[in-house]
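Numbering (this note's numbering), first residue to last: 6 to 554.
These notes concern the structure reproduced below.
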């Protein structure tokens with residue numbers, strides 16, 4: 006039975022017809038003390054859902070929908086290691102990656118916790134070797150730069166976290182810089198190779214399958230770069246200048262990576278959920294292993310809240326349910342992520358993959374085509390930058406957009422210079438003021454400011470754009486871990502209600518297959534007759550452009 010056929014869904018549709026479809030947020034705020042009703046806090050995360058276009062009655066209806074969809078049971082199945090990834094017939098055990106060492110979890114006869122911590126211990130050995138200046142390249146000089154070669158989950162998560170936690174780089178270690186190259190066209194890598202020293206550069210090949218062409222093409226270029234400049238045996242260069250992170254040790258060995266430099270993770274870790282695994286090696290290099298473990302601990306705290314809290318007090322469940330309400334009942338199919346902290350500049354892109362690759366599906370677990378909307382389009386930018394770019398559309402455009410405002414309460418408190426600290430704290434206060442003001446204007450529109458006259462139509466703000474605000478005391482490894490885990494579990498809750506598999510990504514496969522065939526056509530200048538007219542014309546234009554140079 007489709008979720009749309011349940012009594013809970015129909016009751017929510019009736020609430021729409023009874024007035025919820027057209028009611029304005031300013032009216033809702035006149036009716037009840039909303040903040041205390043829709044404010045939740047757990048694992049260091051504070052969440053205000055009062056500016057969403059819902060009521061306590063709607064929330065109760067959504068909770069009934071969650072129960073009808075089996076969310077409580079699904080949470081336990083996810084966390085216990087059952088095979089919740091239906092199409093690939095495997096668990097989705099990213100939560101096991103952040104279990105403490107003394108926890109117990111055995112899945113299908115395997116001590117998962119023991120394996121996870123064995124890998125973390127090996128990872129710590131490699132990290133300490135680098136940060137102690139003891140990892141030396143082929144010529145004997147210590148490694149000073151590490152370049153992560155990965156794409157998708159092997160890039161977005163580590164890139165986002167290392168950027169967010171720049172304040173937590175350890176002081177008393179040998180300085181090692183981290184860099185990221187993901188694009189298959191080589192542009193990012195070429196830039197790094199133009200100024201890095203091959204004698205002191207280490208490359209991390211991060212690929213779950215160790216068959217991703219984007220990553221392997223970058224790795225081949227990196228190997229040629231070092232070999233050309235240093236000379237010597239390629240096997241020796243691979244031993245001193247390459248680390249591999251994958252689920253496929255045999256492929257890493259075949260490529261030439263020394264088993265001592267191989268870090269493993271497991272098939273039950275999805276790429277977009279893998280920053281907690283050895284894929285997070287660049288994070289640990291940037292902030293040290295102690296801070297990496299704090300990142301895991303923060304995520305685990307949110308996992309425990311997700312596992313134990315009642316649905317009505319459960320942050321991931323509530324965040325997921327308001328998303329269901331916005332998408333499926335208010336027909337809001339655009340969702341903006343707006344962090345008010347420059348360190349979180351990569352967070353919108355990270356959440357974009359997390360949500361759209363997980364829930365951008367149109368077939369149910371019963372192989373039926375869905376008859377309702379699933380994942381909205383996720384996008385965003387650092388809030389203050391967005392104010393000078395797309396907030397015009399949010400305030401006066403024609404598209405309904407739900408927004409998440411994200412900000413730390415405190416920053417710069419530990420800056421030693423008193424005057425400098427005061428200046429920076431004033432800037433942070435300005436950012437918070439803008440964060441709160443923008444969500445207020447999106448909610449109230451013109452009524453956010455008292456005026457005795459009515460402005461002309463082109464100056465009007467309609468308001469009624471729903472938003473959530475998420476805050477934490479300060480941005481640190483633990484709070485960042487909890488924030489990421491919150492969104493991971495939100496995605497899962499929505500996937501359960503939509504009856505889709507949030508842990509596969511078959512939509513990325515066909516394009517890769519066709520690209521391989523197309524590359525062969527471009528290279529050999531044969532096979533054009535198999536293509537459509539547009540593709541044929543584009544390839545012929547490419548040939549003309551390349552031969553004319």
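Backbone N, C-alpha and C fix where the C-beta goes; we use that ideal spot for every residue, glycine too.
Nothing here was measured: the structure is a model prediction, and the numbers come from that model.
Rounded to the nearest angstrom, the Cβ distance from residue 53 to residue 43 is 7 Å, consistent with a contact under 8 Å. Three or more Cβ pairs closer than 8 Å define a contact, and the stretch 291–301 falls short of that threshold against the stretch 234–252.
About 22 Å separates the beta carbon of residue 252 from that of residue 228, a gap too long to meet the 8 Å contact definition. Listed in chain order, the alpha helix (DSSP H) runs fully inside the stretch 478–547 are 482–503, 514–529, counting runs of at least 4 residues. Counted as a single uninterrupted DSSP element, the beta strand (DSSP E) harbouring residue 51 occupies residues 50–53. Around the C-beta of residue 390, fewer than 16 other C-beta atoms lie within 10 Å, and the residue is accordingly described as exposed. Between residue 274 and residue 340, the CB-CB gap reaches or exceeds 8 Å. Under the criterion of beta carbons closer than 8 Å, residue 91 and residue 504 do not qualify as touching, at roughly 10 Å. Excluding residues up to 5 positions away in sequence, 413, 414, 415, 416, 418 lie with their Cβ nearer than 8 Å to the Cβ of residue 479 in the same chain. It is roughly 32 Å from the alpha-carbon of residue 548 to the alpha-carbon of residue 232. Sorting 221, 368, 197 by C-alpha distance to the C-alpha of residue 189 places 221 at the top.
In this structure residue 146 touches residue 205 by the C-beta definition: roughly 5 Å separates them, less than 8 Å.
Taken atom to atom, the span from the alpha-carbon of residue 527 to that of residue 514 is near 20 Å. The Cβ-Cβ distance between residue 485 and residue 355 does not fall below 8 Å.
Looking from the CA of residue 213, the closest CA among 512, 155, 94, 373 belongs to 155.
In this structure, the beta-carbon distance from residue 499 to residue 365 does not fall below 8 Å.
Between the C-alpha atoms of residue 407 and residue 328 there is a straight-line separation of about 9 Å.
When 163, 348, 372, 522 are compared, the shortest CA-CA separation from residue 276 is found for 163.
With respect to residue 208, residue 256 sits apart: the two C-beta atoms are not nearer than 8 Å.
Judged by DSSP in its simplified three-state form, residue 409 adopts strand. Here the C-alpha atom of residue 241 lies approximately 29 Å from the C-alpha atom of residue 157. Only residues of its own chain outside the window of five on either side were considered, and among them 161, 277 have a CB closer than 6 Å to the CB of residue 358, listed in chain order. Non-local beta-carbon contacts of residue 245 in its own chain, meaning distances under 6 Å to residues more than five positions away in sequence, involve 142, 143 in chain order.
Scanning 303, 396, 333 for the CA closest to the CA of residue 376 turns up 333.
Rounded to whole angstroms, the separation of the alpha carbons of residue 75 and residue 472 is 27 Å. By the neighbour-count criterion, in which 16 or more other beta carbons inside 10 Å mark a residue as buried, residue 481 falls on the buried side. Sequence-distant Cβ neighbours of residue 137 in its own chain, meaning closer than 8 Å and more than five residues away, are 178, 179. Nearest to residue 6 by C-alpha distance, out of 538, 130, 372, is 372. Three or more pairs of CB atoms, one per stretch, sit closer than 8 Å, so the stretch 85–103 contacts the stretch 298–310.
Residue burial annotation: residue 516 is exposed, with fewer than 16 other C-beta atoms found within 10 angstroms of its C-beta. Judged by beta-carbon spacing, residue 284 lies beyond the 8 Å limit of residue 167, meaning their Cβ atoms are not closer than that value. The beta-carbon separation of residue 399 and residue 335, rounded to 16 Å, does not stay under the 8 Å limit for a contact. For residue 43, there is no enclosing alpha helix (DSSP H), since its DSSP letter is neither H nor E. In this structure, residue 290 lies away from residue 121, with their beta-carbon atoms at least 8 Å apart. Annotation: the continuous alpha helix (DSSP H) that includes residue 363 extends over 352–364. Linking residue 501 to residue 127 through their CA atoms gives a straight-line distance of about 36 Å.
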